[in-house]
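So for the sequence shown, the working numbering puts the first residue at 1358; every next one is plus one. Note that the Cβ used here is the ideal one computed from N, Cα and C, for glycine as well. Below you'll find the structure, written out as structure tokens, and then a few comments.
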Amino acid sequence: MVNQAFVPPGAEIGDTGAHLPGLGLLMLASTISEVRPDLTKQIRYFDEELLGTEGCLNSVSDWVSEASTGLVFITTYTLTHHRQKKFTEKIRKPGTLIFSGGPHVTLHPETSNADIIIRGEGVSAMRHLFSKDRWTAGELMRTPGACFSYRSGNQTLRHFSPPQRILAPDEWPRPSFSYDLIPSDVRHRASDKRDMNGLEPMSIILSKGCPEACHFCSSGAQNGRWAPRSVSRFKEDLSFLISNRKVEAIEFHDDDFLAHPELESVFEIMLEIGIPWNCYGRVDHFVDNGRSLAERLYASGCRRIFLGLESMSESKLEFFNKRAETWMNEHAVTCCAEAGIEVAAGWIIGAPDDTRESLEEELESFLCLPLYSLDVNILSLNPGAVLTKRVLNGGISLPLQGPERENSDLLESNHLLPNPQKYGSQEPWGQPTICKAIDKPGLNELASRFRDEIEFGSRDKDALLSL
Ligand code: B12
Ligand code: SF4
């Protein structure tokens, strides 16, 4: 008997306040059921927030111990990878095989202590592995994206595969996400910026990756080329979701929901189900007929949109390769606000040329926009992002950091993985900042002051939710 435990990334560091289903793991669970329907009843999904840290460990351990072979699946994020490693250490025992995958180990498989690491999308790996009777080293080597250690004579060798990123969303399993696995007592929660009057959200996604490539962002390195999913498949997944959970609000987790080529059909489906929803989108979609787009969004139930404006300075937008200008930011926010859609936005501070004066100016421009909320984020260097690569290859010089004012470990290690001993636990956690004029404590102090100064907020909650 093979019992399987799926554990999404836990809370604490990088906690956005949100608590949502781990779509990647739910997709892998559905893939395994597709290949081996006989295993379906042996798959469980464990939620750390519901169970607590110790409770989660114990529940997973008990579940996999009941079988002759236990398989544990963990998603990794860079900011919380140390926690996932600790979890792996505690859960490890004979008869249990631990898999890790997701954003962090896709870029840094060498840092994982799991038994098998899958880089990139995990569906192809699951299809390959679960169609085999035995998992020999040879079979594992043929598994898309797999990395692992194995014995050869008296030597231990490591095998590394490149990340898999080419699977088209229409080749995802059916249903795409096993929402039915989520225990009924798990209560999901939106982050503040996406909260819709306390309605319980469920998330869904209908594309992979992003059509753009901002230089601070790692979506391309994680997901490969952007690809949308057909509307018919989306409809199937949505009806599976609605028939398995009570859905009060929907969060679309696509990087750029508005880029979907069949957006009008998606609107029709959302109008038909009558559930309020929110999404992420890019401002360039509002350039032509932005008012009409915003009205159609509202009419189909969109009540909040997250626009990653990032900056109100032309040169900074260009430095980020945002491929948007400040007038586009302003226009998109105005179109949405006038249509009744609340706009949550993000602002990144800590670019190399930011100064206290330039940031005060940006803040003034943001405060003039009809926003619902504005997240102030200090630029972080995600694995795989263009800016991270430029810092590592010397194209952007790293201002000297910390009390010792030296960056020697970076030059030796050739990575920028979080190191809170060296770079402190302020934001960005365990990482250096690259702003020339303001150091990390200075950026944190500014971020905290800006957050206090920003006061937007919902105009009328009842109007927001009336469909
Ligand atoms: C939804 C989302 C969230 C949700 C997470 C909900 C949840 N419970 O999972 C919320 C809003 C809570 C969130 C929070 C954060 N997020 Co986020 N998030 C995303 C987003 C937009 C989509 C992820 C998703 O669901 N994709 C769809 C599923 C189907 O794909 P997937 O998860 O990648 O899974 C596939 C593969 O990765 C792989 N896989 C995944 N896990 C596993 C495990 C195993 C064992 C195997 C074999 C394979 C495997 O197989 C899956 C199927 O093919 C991505 C951007 C993106 N487009 O990828 C960012 C992203 C993952 N987030 C990111 C970040 C930085 C964060 C935060 C740290 C932000 C912050 N500063 O607070 C927090 C961390 C929260 C935490 N506690 O750890 C980064 C991660 C970078 C990194 N190297 O870690 C990303 C890539 C965004 C970016 N462009 O930078 N996020
Ligand atoms: S920041 Fe947003 S728009 Fe830019 S590449 Fe990342 S997901 Fe796409």
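Contacts around residue i, its chain only, beta-carbon distance under 8 Å, and the 5 residues preceding and following it disregarded
i, result
"R1551", "A1375, P1558, E1608, N1635, R1661, F1663, A1701"
"N1801", "I1735, Q1783, E1784"
Close Cβ partners of residue i (< 7 Å) along its chain, the five nearest in sequence each way excluded
i, result
"F1807", "L1720, V1733"
"A1689", "V1640, F1643, G1647, L1664"
"D1542", "L1407"
"R1546", "A1375, H1376"
"N1580", "R1522, K1565, G1566"
"M1384", "V1480, W1529, P1530, S1533, F1534"
"R1484", "T1388, V1392"
"S1596", "none"
"S1737", "P1785, Q1788"
"E1671", "E1682, T1683"
Distance, residue j Cα to residue i Cα
i, j, result
"G1381", "G1459", "8 Å"
"T1790", "E1629", "47 Å"
"L1650", "P1526", "25 Å"
"N1470", "S1422", "20 Å"
"S1488", "P1530", "14 Å"
"S1668", "T1433", "29 Å"
"S1600", "S1457", "30 Å"
"R1747", "K1603", "46 Å"
"S1805", "Q1783", "11 Å"
"N1776", "G1452", "33 Å"
"C1692", "Q1441", "42 Å"
"S1722", "E1621", "33 Å"
"R1590", "A1606", "20 Å"
"E1652", "E1699", "12 Å"
"W1704", "H1465", "27 Å"
"A1431", "E1714", "Checking the displayed sequence, the identity of residue 1431 turns out to be Ile instead of Ala. Their Cα atoms are separated by approximately 44 Å."
"G1577", "T1426", "35 Å"
"R1586", "I1632", "21 Å"
"D1809", "L1724", "12 Å"
"K1679", "T1463", "24 Å"
"D1594", "K1779", "45 Å"
Residues near residue i by beta carbon distance below 6 Å, same chain, minus five either side
i, result
"I1811", "L1731"
"R1393", "F1487"
"D1711", "C1792"
Any C-beta of chain C under 9 Å from that of residue i
i, result
"Y1536", "Going by chain labels, chain C is absent from the structure shown, which holds only one protein chain."
Cβ-heavy atom distance, residue i to the ligand B12, below 8 Å
i, result
"I1607", "no"
"C1504", "no"
"E1446", "no"
"I1523", "no"
"S1457", "yes"
"V1700", "no"
"Y1780", "no"
"K1565", "yes"
Contact test: residue i Cβ vs the ligand SF4 heavy atom, cutoff 8 Å
i, result
"G1741", "no"
"E1569", "yes"
"C1574", "yes"
"Y1655", "no"
"D1542", "no"
Practice item. Spell out a yes or no on whether the stretch 1387–1402 and the stretch 1477–1487 are touching, meaning 3 or more CB-CB pairs, one atom from each, closer than 8 Å. Key: Touching, per the Cβ criterion.
Point to revise | Within the stretch 1584–1641, ranges of the alpha helix (DSSP H) (whole runs, at least 4 residues) | key: Entirely contained in the stretch 1584–1641, the alpha helix (DSSP H) runs reaching 4 residues are, in chain order, 1588–1601, 1620–1630.
Check your understanding: Where in the stretch 1541–1581 do unbroken runs of the alpha helix (DSSP H), each at least 4 residues long, occur, reported from the N-terminal end onward?
Key -> Taking only runs of at least 4 residues, the alpha helix (DSSP H) segments lying wholly in the stretch 1541–1581 are 1576–1580.
Exercise for review: Would you check if there are 3 or more beta carbon pairs closer than 8 Å linking the stretch 1495–1502 to the stretch 1393–1413?
Suggested key: Touching, no.
Practice item. Kindly confirm or deny that the stretch 1607–1627 and the stretch 1560–1577 touch, where touching means at least three C-beta pairs closer than 8 Å. Key: Result yes; three or more Cβ-Cβ pairs closer than 8 Å.
Review point. Are the stretch 1740–1747 and the stretch 1571–1587 touching, with three or more C-beta to C-beta distances below 8 Å?
Key: Yes, since at least three Cβ pairs between the stretch 1740–1747 and the stretch 1571–1587 fall closer than 8 Å, the two stretches touch.
Review point. Given 8 Å as the limit, is there contact between the stretch 1504–1511 and the stretch 1411–1420, that is, 3 or more CB pairs closer than that?
Key: No contact exists between the stretch 1504–1511 and the stretch 1411–1420.
Point to revise | Completely contained alpha helix (DSSP H) runs for the stretch 1420–1507, where each covers 4 or more residues | key: For the stretch 1420–1507, whole alpha helix (DSSP H) runs of length 4 or above, ordered along the chain, are 1438–1448, 1460–1464, 1480–1487, 1494–1498.
**Study point:** Segments of 3+ residues assigned as beta strand (DSSP E) that fall wholly inside the stretch 1703–1751
**Key:** Taken in chain order, the whole beta strand (DSSP E) runs of length 3 or more contained in the stretch 1703–1751 are 1730–1735.
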